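Just so you know, we're using the numbering used here here: the sequence shown kicks off at 3 and counts up by one.
Cβ coordinates follow ideal geometry from the N, Cα and C atoms, glycine included.
Quantities reported herein were computed from a predicted structural model and do not represent experimental measurements.
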Amino acid sequence: MPSFIDTHCHIDTILERTGGTAELLFEQMEPLPEAIVHVACDPNDFSWGKRFLLKKTINGVKIYGAFGLHPLVAERYDEQAEAGILESLKLPDVLALGEIGLDYHYKEYNADLQKKVFLRQLEIGLKAGLPFVFHLREAEDDAFEILQQIDGENIKAHIHCYTSTADFAKKLLSLKGNYFFGFTGAVTFDKTATIREAAAAIPLDKILLETDAPYLAPVPFRGKICTPAMIPNIAQVLTDIKKVSIDEILKVCRANTEKMYGI
Ligand SMILES: [Zn+2]
3 MPSFIDTHCH IDTILERTGG TAELLFEQME PLPEAIVHVA CDPNDFSWGK
53 RFLLKKTING VKIYGAFGLH PLVAERYDEQ AEAGILESLK LPDVLALGEI
103 GLDYHYKEYN ADLQKKVFLR QLEIGLKAGL PFVFHLREAE DDAFEILQQI
153 DGENIKAHIH CYTSTADFAK KLLSLKGNYF FGFTGAVTFD KTATIREAAA
203 AIPLDKILLE TDAPYLAPVP FRGKICTPAM IPNIAQVLTD IKKVSIDEIL
253 KVCRANTEKM YGI
C-alpha cells in the first residue's frame, strides 16, 4: 500500500479516551501512517500540543501540528490566546493556522463573535503567509461572504471534514486561491449521500484524507475510537466514487498533501 498521511487529527483527545501514552498508541497503530497533523484548536490544549511536537517522530511516524482557535470556543479568544497562537506558529513543525472558521450547528452560537475571531485569525495567517485549516459547519453563506472579501489570491486552505453540498464546494472552487477538501469517516456512513455527492463533484487533485480522530470512525469501525490507522478505510469509499484503485487515491491524496502543506 502507498504511504499515507492523516492530515487532521487530535492526538490528545484520542489519548483521553484510550488512556496510555502517545508512544503506546503509535506502537499499536496498524497500518502506520507516514505522518500525522495534530490540530490544537483550544487555548487550553496549546501547551500539550507544543510538548507533543517536540517528540518529532514516534515509531517512525513524523509529527506535525496546526494551531488556531476553533469557532466553538470563540469566546476564549483574547490577547493571551492570540499570543499563544503566534508563538506556536513559529515552531518548525507547525504547518498551518487552524482549525478556524464558523460553526452555527448549536443553537446558542454567536455569529458576530465567531466572524470577528475568524477574520482576526485570517488576517494573522495571511500576514504570516501560512496555510489555513478551516472548520465550516452550517454557516455556508457567511463563510462564503468572508472568503470572497479577503484578499485570497495566494490563500491555501484545507476545508476540514467537508460535510456540505457539492454546490457549496463548486462555489469555493470558483474563488481565488487554492482550496482543498478534507474527507473523514463521515463520507463512509449510510446516511451521508450528500457528502459522497460532494466528493464526486470535487476533482481528486483537490481532496485530502483526514480522520478527525478520535471522532467519526469510518465504516466498519463506527462507534469505536478513531485513529490515524483508519485513513485507508476512508480512501476505500472514495474508490467507488472516483472509480480508481485505492493505491491511486492514496497516491494522489499524498501528492495533494504536499501541495497543501509542503510535506
Ligand atoms: Zn478537528
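Is it buried or exposed for residue i, if we count other Cβ within 10 angstroms and need 16 for buried?
| i | result |
| --- | --- |
| glutamine 82 | exposed |
| arginine 19 | exposed |
| leucine 88 | exposed |
| leucine 56 | exposed |
| serine 166 | buried |
| arginine 224 | exposed |
| threonine 23 | exposed |
| lysine 117 | buried |
| threonine 9 | buried |
| methionine 3 | exposed |
| threonine 59 | exposed |
| glycine 21 | exposed |
| proline 220 | buried |
| threonine 196 | exposed |
| asparagine 258 | buried |
| glutamate 125 | exposed |
| glutamate 29 | exposed |
| glutamate 110 | exposed |
| lysine 158 | buried |
| proline 222 | exposed |
Using DSSP bridges, identify the partner residues of residue i.
| i | result |
| --- | --- |
| phenylalanine 134 | Leu99 and Ala159 |
| valine 39 | Tyr66 |
| isoleucine 7 | Ala37 |
| arginine 139 | Asp105 |
| isoleucine 60 | Val63 |
Going by C-alpha distance, which of the options is nearest residue i?
| i | options | result |
| --- | --- | --- |
| leucine 74 | Leu93, His137 and Leu128 | His137 |
| isoleucine 7 | Pro234, Ala200 and Glu250 | Pro234 |
| aspartate 44 | Gly86, Thr259, Gly21 and Glu110 | Gly86 |
| glutamate 77 | Leu115, Tyr108, His162 and Val96 | Leu115 |
| asparagine 268 | Leu17, Thr23 and Asp207 | Nothing can be reported for residue 268: it is not among the residues displayed for the chain, which extend from 3 to 265. |
| cysteine 228 | Lys178, Leu91 and Pro216 | Pro216 |
| lysine 52 | Glu260, Gly67 and Ile60 | Gly67 |
| glutamate 101 | Tyr111, Phe120, Glu199 and Glu36 | Phe120 |
| lysine 178 | Ile152, Thr259 and Thr186 | Ile152 |
| isoleucine 204 | Ala188, Phe183 and Ala219 | Phe183 |
| isoleucine 265 | Ile38, Ala24, Gly22 and Thr23 | Ile38 |
| alanine 188 | Leu17, Gln238 and Leu149 | Gln238 |
| glycine 131 | Ala145, Glu147, Glu110 and Gly154 | Gly154 |
| histidine 72 | Lys226, Ala201 and Arg122 | Arg122 |
| alanine 98 | Val221, Ser90 and Phe54 | Ser90 |
| leucine 93 | Phe69, Phe134 and Lys64 | Phe69 |
| aspartate 80 | Asn46, Glu147 and Pro230 | Asn46 |
| histidine 40 | Leu34, Leu252, Pro230 and Ile243 | Pro230 |
| threonine 194 | Pro35, Leu218 and Asp95 | Leu218 |
| lysine 244 | Arg198, His12 and Pro133 | Arg198 |
With respect to the alpha helix (DSSP H) encompassing residue i, which residues constitute its N-terminal and C-terminal limits?
| i | result |
| --- | --- |
| leucine 149 | 142–151 |
| asparagine 258 | 248–263 |
| phenylalanine 182 | Careful: phenylalanine 182 lies outside any alpha helix (DSSP H), inside the beta strand (DSSP E) at 180–185. |
| aspartate 214 | Segment: none, aspartate 214 is in no alpha helix (DSSP H) and carries neither H nor E. |
| lysine 172 | 168–175 |
| glutamate 77 | Element bounds for glutamate 77: n/a, residue is neither H nor E. |
| lysine 244 | 233–244 |
| leucine 27 | 24–29 |
| glycine 225 | No alpha helix (DSSP H) holds glycine 225; DSSP gives it neither H nor E. |
| threonine 16 | In the sequence as presented, threonine is not what sits at residue 16; that position holds isoleucine. It spans 13–20 - the alpha helix (DSSP H) in which isoleucine 16 sits, taken as one unbroken run. |
| leucine 55 | 48–55 |
For residue i, report the span of its beta strand (DSSP E) as first-last.
| i | result |
| --- | --- |
| lysine 193 | Run containing lysine 193: none; DSSP gives neither H nor E here. |
| leucine 211 | 209–211 |
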